[in-house]
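Down below is the structure, laid out as structure tokens.
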Amino acid sequence: MASKPQRLPQGSVLHQTAPKRSRTMTSSSTSDDLSVSPMKNAFTNYADYLNNLNDKRERVVKASRDLTMNSKKVIFQVHRISKQNREDVLDSADKDLARVRDQYVSRVIKELQGTDFWKLRRAYSPGVQEYVEAASFFKFCKTGSLLSRDEINASLLPLNDSSLQPFQINILDYLLGLADLTGELMRLAIGRISDGELEFAGNICQFARNIYRELTLVVPLMDDSHDMKTKMEVMLQSVIKIETACFSVHVRGSEYAPMLGPDDLSSFMPGIPSVES
């Protein structure tokens, strides 16, 4: 006798065949959209700020390179000075320096207007140092004195927008420019000795000594002085070369007499007695 087929309980059939309903979280997903949107906007603003800052940095680097190149031209112009063309060379160098200030320093200032200068200091510092070196070199050859930071910053005030914070050369860049100045003074002193301008060479020697002596007192007190300490070593070598050249002429003056002429060599180094050969 055949057995009757067994029927599963209805509940079991429903349990096996009933489709699963997908779960939705409409309220939480809407909350996520609202929270992601402000964060995305914030990072978009950050990206735009950094891109604009990098673009500005590239423009400042280019302006600093142009400033460096043209400041060197002023230095080369001053090196042409001699007894015969002193006034002409200084007049020409004065015009060139004014052109550098009005065209190239103004470009750097224009790019930095309205920004925090310290953020881009590494971008414009080389050009500013070279400009300080050129302006100080010209001032010494014209007046025999040192160009102060207040004087150089005062000359830059007309280039600034009166409604914004003015750009001023900071102390570190000013001192770094003065440190480079001794190298040009060394070249100038050697050239003046070869032309027989012994008194001028003696003044250069004393001026370079004074700069080095004063900086040896300041540099140990500086916080960010790595670059300055490196330049101090080069500065010492320049001062030694100037002193060696000056004392060689003074001590061995009779060997240089045919080239220098009949001038009294004893007035070359003030305070030092003549050495008879």
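This note's numbering puts the first residue of the sequence shown at 86, with every later residue one more than the last.
Each residue gets a CB set at the ideal place from its N, CA and C atoms; glycine is no exception.
Straight-line gap, residue i to residue j (C-alpha atoms, nearest Å)
i	j	result
Ile256	Tyr134	29 Å
Leu197	Tyr209	9 Å
Val213	Ser122	44 Å
Ser247	Gly199	11 Å
Gly281	Leu138	53 Å
Lys326	Met271	7 Å
Lys227	Leu175	7 Å
Glu143	Leu205	10 Å
Phe223	Ile160	8 Å
Ser191	Asn245	8 Å
Asn170	Asp179	14 Å
Leu263	Met317	10 Å
Leu261	Ala132	34 Å
Asn136	Pro305	38 Å
Leu165	Leu231	According to the sequence shown, residue 165 is Arg rather than Leu. Between Arg165 and Leu231, the C-alpha separation is close to 20 Å.
Arg184	Asn155	9 Å
Phe225	Ala127	53 Å
Ser323	Gln291	12 Å
Among the options, nearest to residue i - alpha-carbon criterion
i	options	result
Arg186	Ala264, Ile237, Arg165, Met317	Ile237
His335	Arg184, Glu284, Glu299	Glu284
Leu249	Tyr216, Ile194, Ala127, Asp173	Ile194
Tyr216	Phe202, Asp201, Arg234	Arg234
Ser167	Arg294, Val304, Ala286	Ala286
Lys157	Ala274, Asp308, Leu266, Cys331	Leu266
Asp258	Gln162, Leu302, Val324, Ser221	Ser221
Pro278	Phe332, Leu241, Leu231	Contrary to the premise, residue 278 reads as Ile rather than Pro in this sequence. For the residues Phe332, Leu241, Leu231, the minimum Cα distance to Ile278 belongs to Phe332.
Thr153	Asp181, Leu273, Pro211	Pro211
Span of the alpha helix (DSSP H), counted from its first residue to its last, around residue i
i	result
Thr228	206 to 228
Gly287	283 to 303
Ser248	It is not in any alpha helix (DSSP H) - Ser248 carries neither H nor E in the DSSP assignment.
Asp258	256 to 279
Met317	311 to 336
Lys168	Element bounds for Lys168: n/a, residue is neither H nor E.
Ser233	Per DSSP, Ser233 belongs to no alpha helix (DSSP H) and is neither H nor E.
Leu306	It is not in any alpha helix (DSSP H) - Leu306 carries neither H nor E in the DSSP assignment.
Val193	191 to 197
Buried/exposed call for residue i, threshold 16 Cβ in 10 Å
i	result
Tyr189	buried
Arg298	exposed
Met320	buried
Met218	A small correction: the amino acid at residue 218 is Glu; Met does not occupy that position in the sequence shown. Classification of Glu218: buried, given that the 10 Å Cβ count is 16 or more.
Glu269	buried
Arg337	exposed
Trp203	exposed
Proximity test, Cβ basis, 9 Å: residue i and chain D
i	result
Gln214	Looking at the structure shown, chain D is missing, and only one protein chain is on hand.
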